[in-house]
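Visitor: Got a structure for you, written out below as structure tokens; questions coming shortly.
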Amino acid sequence: MNGAGLLGAAIGLGLGLLEYRLMSAVVIGALRRTDRSGTEAEKMDYERRIRILRWALMAMTVGFTPILGFVIGRTLFG
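To convert a position in the sequence shown, counted from 1, into our numbering, add 65.
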């Protein structure tokens, strides 16, 4: 493997984690503030949907950004 690609992937991972933390704090915080659940079952369903959203955000940021960093590192420097 190429050192530039691995460095790009490592930088991408760091940026992806940072992006995930920021996005999830803003989006999930806003969702929790706007929760209008009336019953416990509605609240549990709402929280389940938030967990699904959190996994989707993680897959998009932490999963995709290192791949993008690897490709950019290999393309530009390797």
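Ideal Cβ placement from N, Cα and C applies to all residues, glycine included.
Bear in mind that the values here come from a model prediction, so they are computed numbers and not experimental data.
So what's residue 100 in DSSP terms, helix, strand or just coil?
Guide: One-based indexing of the sequence shown puts residue 100 at position 35. Three-state result, residue 100: coil.
Visitor: Determine the DSSP secondary structure at residue 143, reduced to helix, strand or coil.
Guide: Residue mapping note: residue 143 aligns to position 78 of the sequence shown, counting from 1. Correct three-state label for residue 143: coil.
Visitor: Just reading off the alpha helix (DSSP H) that residue 121 is part of, what are its end residues?
Guide: If you number the sequence shown from 1, residue 121 lands on position 56. First-last of the alpha helix (DSSP H) with residue 121: 105–123.
Visitor: According to the Cβ coordinates, are residue 67 and residue 134 closer than 8 Å?
Guide: As a first step, residue 67 is located in the sequence shown; it is residue number 2 there, counting from the start. As a first step, residue 134 is located in the sequence shown; it is residue number 69 there, counting from the start. Contact: no.
Visitor: Below 8 Å, how does it come out for the segment 120–134 and the segment 71–88: are there three or more Cβ pairs, yes or no?
Guide: Yes, they touch.
Visitor: Apart from the five residues on each side of it in sequence, which residues of its chain come closer than 8 Å, Cβ to Cβ, to residue 144?
Guide: For residue 144 there is no data in the structure shown, the boundaries of the chain being 66 and 143.
Visitor: Taking the C-alpha atoms as reference points, what is the distance between residue 106 and residue 113?
Guide: Walking along the sequence shown from the start, residue 106 turns up at place 41. Walking along the sequence shown from the start, residue 113 turns up at place 48. Straight-line Cα distance between these residues: approximately 11 Å.
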